[in-house]
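Single-structure report; data block below.
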Amino acid sequence: TGVAELSNSVKIKYMAEYLLAAANRSVWSQFVDWDTITEGQGGSAFNYVAYQAMESDDLGAKLPEKDDIEATALKDSSITVTPYEYGRRVTLTRLVRFQSHVKTRQAAAKIVGQNMTDTIERAIRRGVLSGTNTFMPNNNVLRTELVVSDTAADNDRPTFEFLSQLVSMAQSMGIEPMGGGDFVAVIHPAVEPDILGLTEIKNIGYNFPEPLYKGEVARLCGIRFVKS
């Protein structure tokens, strides 16, 4: 029976059971903070209200001694998030199970699970790499301008000074660090040799009491580098 052949009452019943099951499932990941679905608050889209900070004219504004304080208008905006579902499925027939020389259910489950992992990873990487607030070494603007060579004078590899500037910028922008007071940088495996090749780097094996993140390779300038 296909979904199109089901009546609306059956669809609503299935959806209600799905929401009840999903409400009890938490998402546990290394850098993911995902709230579970709250029963009775579902919908095709979700609106989040955001308030704009005060203008620069309000900074250090002096209060009057006699007159009433003039009220400052706060601007609000609404951000709409529309959820989608992604995924693939496979169908196993009796003939396939009869003719197959392997356990088809386990093989199909592994392939579908790998597809789910690749889909989530691709979505996260697109979100990370699509940011417009970027800061690159040697005042470069575009990624295509970065140069990596054996000559130190013509090289855009990360340096101790560059990493220190990143931390200073993050602190000045009010970005909250992770637990322990350090920032976390997820780096490409190709960047790992450049980080470990810095003379200021220290071995993280026994220097810090906090548990290491999975894939953590170094800690420097208040940044914990995680290879992914």
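Per this note's numbering, the sequence shown starts with residue 2, numbered consecutively.
For each residue, glycine too, the CB sits at the ideal point set by N, CA and C.
1. Beta-carbon within less than 6 Å of Phe-47's beta-carbon, same chain only, minus the 5 sequence neighbours each way: which residues are those?
2. Going by DSSP, what residues sit across from Asp-77 in a beta bridge?
3. If distances are taken between C-alpha atoms only, which option among Arg-98, Tyr-214, Pro-84 and Arg-90 comes closest to Asn-248?
4. Just to confirm my understanding: we take Pro-159, look at its own chain, exclude 5 residues before and 5 after, and list those with CB closer than 8 Å. What are they?
5. Using C-beta distances below 8 Å, list every residue in its chain close to Leu-64, excluding the 5 sequence neighbours before and after it, in chain order.
6. What first and last residue would you give for the alpha helix (DSSP H) that runs through Phe-99?
7. Since I believe Ile-224 is in contact with Phe-184 (beta carbons under 8 Å), could you give me their beta-carbon distance rounded to a whole number of angstroms?
8. Could you give the residue range of the alpha helix (DSSP H) that holds Ile-188?
9. So what's Val-227 in DSSP terms, helix, strand or just coil?
10. Name the two residues that bound the continuous beta strand (DSSP E) containing Leu-221.
11. Spatial neighbours of Ile-176 within its chain, please: C-beta separation below 8 Å, excluding the five flanking residues on both sides.
Based on what the coordinates show:
1. Val-82
2. Tyr-52
3. What the structure shows of the chain is the stretch from 2 to 229, and residue 248 is not part of that stretch, so it cannot be assessed.
4. Pro-138, Val-192, Asp-195, Ile-196 and Leu-199
5. Ile-70
6. 95-100
7. 5 Å
8. No alpha helix (DSSP H) contains Ile-188, which is instead part of the beta strand (DSSP E) from 184-188.
9. strand
10. 217-221
11. Phe-184
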